[in-house]
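Please read the structure below before turning to the comments.
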Amino acid sequence: MSLLEKLRKKLKTATAGQDEESEQEPWPAKSAKKPSRDRSKNAVKSSRKIELGWIHEGKQMRKRSGGGTRVLEVSKNSTKTDILSHAKELFFPGGESTKGKWEDFLHDIYDFKESRLDESSTVDADGVSRDAYAAFWTEFLDSAAEGAEMRVPSLSPKWQEEEWKAVGRILAKGFVDQGYFPLRLAPAFTTAVIFGEHAVSTDSLFESLMLYLSQCERELITAALEGDLDSDGQDELLDLLDRLGVKAVPSQANLKAVLLQVAHKQIIQQPKYALDNMSAVAAQLLKTTITTTAKIQIMYTDKKPTCSKVLKLIEASPETPAERQALGFLQQYIRGLDEVGLRRLLRFVTGSDIICVTKIEVIFTVLEGLQRRPVAHTCGSVLELPCTYNSYPELRVEMENVLMSNYNTMDIV
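Residues 0 to 412 (numbering that gives the first Met the number 0) are what the sequence shown spells out, left to right.
In C-alpha cells:
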C-alpha cells in the first residue's frame with residue numbers, strides 16, 4: 000500500500016468520528032515501525048499496482064463473463080504494449096474469451112477518465128502522478144483541515160507524528176517531482192513550514208486569516224476596520240470575536256492588533272503539532288526551489304488558475320473553418336468559468352487542479368453522434384476536441400458532462 004493510499008484511508012477513518020472504532024487497517028504504532036531501510040526500499044521500489052477492467056461494445060464485462068476488474072503489480076516502466084499483454088493473459092487466457100479470439104478484436108487501453116493512453120505512456124506517467132497528488136490534497140483539505148478559502152490542518156487524536164510527517168513528505172515530493180502544491184494551504188502556514196514561524200510577516204498572517212474566514216466574516220471585519228459598523232454589525236463582530244476566543248472587547252484603535260493575535264492562534268498555534276512534523280521532513284527539500292519567503296507568494300500567484308492564464312496555455316493549429324469555430328467555442332467556454340470550473344478543467348486535461356504545465360495542446364477530431372466528446376490525455380496535457388459542434392451550447396453541455404463525471408479504473412476496450 001502506497002503512502003498516498005495509507006493517508007487517504009486514514010482520512011476516511013478520521014471523518015467517521017473520534018470515538019468510533021475504525022474498521023480500516025490501523026497506522027503502525029511507533030513500537031511497530033519497520034526499520035528505516037525497509038521504508039527506503041519501499042520508496043524506490045520499481046513496481047506499481049494497477050486495476051484492469053474489460054469494456055466490450057461500450058459495456059463493462061462482468062466477472063462471470065470473463066471480465067471484472069483485476070489488480071496486478073507491474074513495473075512502473077510498463078508501457079501500453081506491456082499492459083495489453085497483461086490484459087490478454089487475464090481476459091483472453093490461451094488467446095480466447097467468451098466473446099471470441101484475441102486476434103478477432105481491436106484492442107486499446109484507456110485510463111480511469113476514459114482517455115486513451117499514448118503509446119509512450121508508462122504506469123508512472125506524469126499525468127497520473129499529478130492526478131494522484133491532486134486527489135490526495137483535495138480529500139485532505141476537505142476532511143482534515145479547517146478554514147474557508149484558505150485552510151490549515153485540523154489536529155486529530157488519530158493523527159500522530161508518523162502521519163503528519165507522511166503528509167510533509169507528500170507535500171515536498173509532489174512539488175519537487177511534479178510542481179504540484181496545494182494552494183488552499185494558508186500562505187502563512189506554508190511559510191512557517193518552510194522557513195519557520197519567525198519568517199511569517201504580519202501582512203501574510205493577516206491575509207491568511209482573512210482568507211481563512213468566510214466571505215461574510217471578511218466583509219464584517221473590513222467594515223469594522225474602516226469604522227463603518229452599525230449597532231447590529233457591532234453585535235455580529237463581538238459574536239465573531241467570541242467564537243475566535245477573544246474575550247475582551249477591542250477598541251477601534253487596537254482591533255487590528257487583536258486580529259493579528261487571532262491570526263497567529265488560528266494559523267500557527269492550533270496546527271503547530273502538524274506544522275512542526277511536516278516541516279521536519281519537508282522544509283529542506285522545499286527550500287531547494289522556494290529559496291525565499293517572497294517566492295512563496297510568487298508560487299501561489301503563478302500556479303493559481305485564471306481565465307487568462309489557462310487561455311495562454313492553449314496551443315492549437317486549426318486548419319478548417321470547423322476547427323477554428325470549435326477552438327472559438329472552447330475559448331468562450333474557458334472565459335465563462337470561475338476558479339472552481341478552471342480547476343476542474345485543468346484536472347481533466349493535465350491531471351492537476353493548479354497550473355503545473357507549460358502548455359495544453361488541442362488537436363481536432365471529427366467524432367459525431369454518441370461518440371462525440373472531448374477526450375484528454377493527461378500525460379502530455381493534450382485535449383482532443385471535436386470540430387463537429389454546430390453551436391457553443393453543444394460544446395458547453397458536453398464539456399460539463401465530461402468534467403462532472405468520475406472514473407476510477409483503467410479499462411481495456
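The C-beta atom is built at its ideal place from N, Cα and C for all residues, glycine as well.
**Asked** Taking Asn276 as the reference, which of Tyr109, Pro152, Gly94, Gly57 has the closest Cα?
**Response** Pro152
**Request:** Decide yes or no for the touch test of the region 83-101 against the region 58-67: beta carbon pairs closer than 8 Å, at least 3 of them.
**Result:** Taking 8 Å as the limit for Cβ pairs, the verdict is that the region 58-67 does touch the region 83-101.
**Message:** Considering only their Cβ atoms, is the gap separating Arg217 from Leu468 smaller than 9 Å?
**Reply:** No statement about residue 468 is possible, as the shown extent of the chain runs from 0 to 412 and does not include it.
**Request:** Express the C-alpha separation of Ala293 and Leu285 in angstroms, rounding to a whole number.
**Result:** Each residue's alpha carbon lies about 14 Å from the other.
**Asked** Between Thr377 and Thr349, is the Cβ-Cβ spacing less than 9 Å?
**Response** yes
**Message:** What would DSSP say about Glu322, mapped onto helix, strand or coil?
**Reply:** Secondary structure at Glu322: helix, using DSSP grouped into helix, strand and coil.
**Asked** Looking at C-alpha atoms only, which residue of Asp176, Thr137, Val374, Val356 is the closest neighbour of Phe363?
**Response** Val374
**Item:** For Gly232 and Val127, the rounded distance between their alpha carbons
**Value:** 49 Å
**Item:** Buried or exposed (CB count within 10 angstroms, at least 16 for buried), Lys33
**Value:** With a pLDDT of 37 at Lys33, under the threshold of 50, the modelled position of this residue cannot be trusted, and the question is left open.
**Request:** Over the uninterrupted alpha helix (DSSP H) stretch that includes Val396, give me the two end residues.
**Result:** Here the alpha helix (DSSP H) through Val396 covers 391-402.
**Message:** Among the candidates Leu336, Arg334, Leu71, Ile353, whose CA atom is the shortest distance from the CA of Pro304?
**Reply:** Scanning Leu336, Arg334, Leu71, Ile353 for the CA closest to the CA of Pro304 turns up Ile353.
**Asked** Distance, Cα to Cα, Gly167 vs Glu322?
**Response** 45 Å
**Three-state secondary structure (DSSP) of Gln59** = strand
**Asked** Is DSSP giving Pro317 helix, strand or coil here?
**Response** coil
**Prompt:** If you run the structure through DSSP and keep just helix, strand and coil, what is Pro92?
**Reply:** helix
**Prompt:** Along the chain, which unbroken stretches of the alpha helix (DSSP H) at least 4 residues long are found entirely within the region 324-375?
**Reply:** 338-349
**Asked** Leaving out five residues before and five after Leu204 in sequence, what residues of the same chain have Cβ atoms less than 7 Å from its Cβ?
**Response** Within the same chain, and ignoring the five residues on either side of Leu204 in sequence, the residues whose Cβ sits closer than 7 Å to its Cβ are Ala187, Leu259, Ala262, His263, Ile266.
**Inter-residue Cα distance where the pair is Thr290 and Leu170** = Using only the alpha carbons, I get a separation of about 16 Å.
**Request:** For the alpha helix (DSSP H) holding Thr259, just list the boundary residues, first then last.
**Result:** Contrary to the premise, residue 259 reads as Leu rather than Thr in this sequence. From DSSP, the alpha helix (DSSP H) with Leu259 extends over 254-262.
**Item:** Distance, Asp337 Cα to Asp107 Cα
**Value:** 35 Å
**Prompt:** Does the region 355-372 come close enough to the region 386-401 that 3 or more CB-CB pairs lie under 8 Å?
**Reply:** yes
**Request:** Could you spell out where the beta strand (DSSP E) holding Ser74 opens and where it closes?
**Result:** 69-74
**Prompt:** Under the rule that 16 or more other beta-carbon atoms within 10 Å means buried, what is Cys215, buried or exposed?
**Reply:** exposed
**Item:** Lys100 - partner residues in DSSP beta bridges
**Value:** Glu95
**Asked** Just curious, the alpha helix (DSSP H) that Leu274 is in, first and last residue?
**Response** 271-286
**Message:** Going by C-alpha to C-alpha distance, which of Glu397, Arg183, Gly327, Leu326 sits closest to Gln370?
**Reply:** Glu397
**Asked** Helix or strand or just coil, what does DSSP make of Tyr109?
**Response** Reduced to three states, the DSSP call for Tyr109 is strand.
**Prompt:** What are the boundary residues of the beta strand (DSSP E) that Pro186 is part of?
**Reply:** It is not in any beta strand (DSSP E) - Pro186 instead sits in the alpha helix (DSSP H) that spans 186-194.
**Request:** Between the Cα of Ala133 and those of Phe174, Ser155, Lys358, Glu72, spot the shortest distance and give me the residue it belongs to.
**Result:** Phe174
**Prompt:** Which same chain residues, not among the five before or five after Trp53, have their C-beta less than 6 Å away from its C-beta?
**Reply:** Met60, Gly66, Phe90, Ile411
**Asked** What separation, rounded to the nearest whole angstrom, lies between the Cα atoms of Phe194 and Phe135?
**Response** 24 Å
**Prompt:** Nearest CA to the CA of Asn400: which residue from Leu344, Glu367, Glu225, Pro181?
**Reply:** Leu344
**Request:** Compare the Cα-Cα distances from Ile82 to each of Glu102, Leu51, Leu105, Pro92 and report the closest residue.
**Result:** Leu51
**Prompt:** Can you round the beta-carbon distance between Leu329 and Leu394 to whole angstroms, since I take them to be within the 8 Å contact cut?
**Reply:** 7 Å
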